[in-house]
Structure formats: C-alpha cells, structure tokens
Amino acid sequence: MVGSVAENVEELREVERLLIAELKIVNKHIARSRKRLKDLLSEEYPHVVLADGTKHYFRKSELRDLAARLSGDEVEELLLPIVIVSRPDMGEGAMVIEDPVASRVVARLLGLKNCSNPLIIYKPHLAFLRSLYDTVFQVVMYLPLSEDGRGHAY
0 MVGSVAENVE
10 ELREVERLLI
20 AELKIVNKHI
30 ARSRKRLKDL
40 LSEEYPHVVL
50 ADGTKHYFRK
60 SELRDLAARL
70 SGDEVEELLL
80 PIVIVSRPDM
90 GEGAMVIEDP
100 VASRVVARLL
110 GLKNCSNPLI
120 IYKPHLAFLR
130 SLYDTVFQVV
140 MYLPLSEDGR
150 GHAY
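Each residue of the sequence shown is one higher than the one before, starting from 0 at the first, in numbering that gives the first Met the number 0.
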C-alpha cells in the first residue's frame, strides 16, 4: 500500500536527518576552524581543535617543509588543514579542494600545469599528498541530498 505524498515526504525528511547525523559522526575529525600556516609555524605545538573537541596536531617538520615550497603570500594566506571533500557523486574516487589558495598549492605539489578552482583530484593524488604531508590534509565525506547538487558535508 502506498502512503500519502505527505507521509512519503516526511519519511524522506527523516532519512535525510538520519544521514546528516551519520555524516556528523563520520566527519567528527573535521577542524572547527582552520589556522594560517604562518600562525601554525609560530606555535610550540601546532594544532587545531576538531568538531569532537579533540586536537589535531601538525608535524612541525611538515609545516616547515611546506612553507619552504610556498611564496610568502601563500604562507600568509594558506589555511590548514587543507580540506579535501570526497565527492562520490562526481565519480569513483573523485575529491574536491574548494579553497583557491589550497587548490593552487596542491596543484603545484602534484605538478599540475592547469589549476582550476575548485580543484578535482583522485585517490592516487591523495596518496601522494599524504606521503608528503600526512598531517596537513583532512578528507571530508560529502553526500548529495538533493537533485540540485546541494549536499551535506559535516
């Protein structure tokens, strides 16, 4: 038996609420706020606070090495961690970097000539980036919840 349209809509809303709650659990490692590379370099124990209240620590050696590869403006502007959004709706293994400064930096690290914003990368790119700077990147799970492409990444 088919329920009313109102019942079906309410069921879909409940499923969406449950999916969002699950994404919050999966993405509890996301930084509440990001810090400029310049500021992290001056901290004794460079870190950011995560959504679940714990701290994510950056390796100072990674921060120094990354800064050595960047221009002064990029060191000033780059926010860490670099957020990489997993986008299964864009194809298997597709990920997006939306921050324009981070996109430019990552494209250079990967040796890409053409840097688009947002920058789309794939699993082999992430593996390479993590081999360079394991503490600098955070992968966020994204789930498209509507046909217009709006999704939820918590």
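Virtual Cβ for every residue (Gly too), placed ideally from N, Cα, C.
Straight-line Cα distance separating K59 from L40: For the purposes of this step, residue 40 is identified with residue 41 of the sequence shown, where counting begins at 1. For the purposes of this step, residue 59 is identified with residue 60 of the sequence shown, where counting begins at 1. Going from the Cα of L40 to the Cα of K59 covers about 7 angstroms.
Quick check: the Cα distance between M0 and M94, rounded to an integer number of angstroms? On the sequence shown, position 1 is the one that residue 0 refers to. On the sequence shown, position 95 is the one that residue 94 refers to. Summary for M0: the model assigns pLDDT 48, below 50, so the residue's position carries little reliability, and this model does not support an answer.
With R55 as the anchor, note down where its beta strand (DSSP E) starts and where it stops. Counted from its first residue, the sequence shown places residue 55 at position 56. Looking at the sequence provided, one finds His at residue 55 rather than Arg. Note, H55: beta strand (DSSP E), K54 to Y56.
Scan the stretch 61-92 and note each continuous alpha helix (DSSP H) run of 4 residues or more that stays entirely inside, going in chain order. Runs of the alpha helix (DSSP H) inside the stretch 61-92: 71-76.
Rounded to whole angstroms, what's the CA-CA distance from E73 to V138? Just pull it up for me. By one-based count along the sequence shown, residue 73 stands at place 74. By one-based count along the sequence shown, residue 138 stands at place 139. Whole-angstrom Cα-Cα distance: 21 angstroms.
L79 and R129 - do their beta-carbons sit closer together than 8 angstroms? Counting from 1 along the sequence shown, the entry for residue 129 is found at position 130. Counting from 1 along the sequence shown, the entry for residue 79 is found at position 80. Result no, Cβ atoms of R129 and L79 do not sit closer than 8 angstroms.
Is the Cβ-Cβ distance between P123 and D88 less than 8 angstroms? Sequence index remark: in the sequence shown, residue 123 carries index 124 (1-based). Sequence index remark: in the sequence shown, residue 88 carries index 89 (1-based). No, they are not a contact pair.
Please name the residue in L36, H55 and R16 whose C-alpha comes closest to that of R68. Along the sequence shown, read from residue 1 onward, the residue named residue 68 stands at position 69. Looking at the Cα atoms, L36 is the closest of the given residues.
At the level of alpha carbons, what is the spacing between R103 and C114? Stepping through the sequence shown from its first residue, residue 103 is reached at position 104. Stepping through the sequence shown from its first residue, residue 114 is reached at position 115. Taking the straight line from one Cα to the other gives about 6 angstroms.
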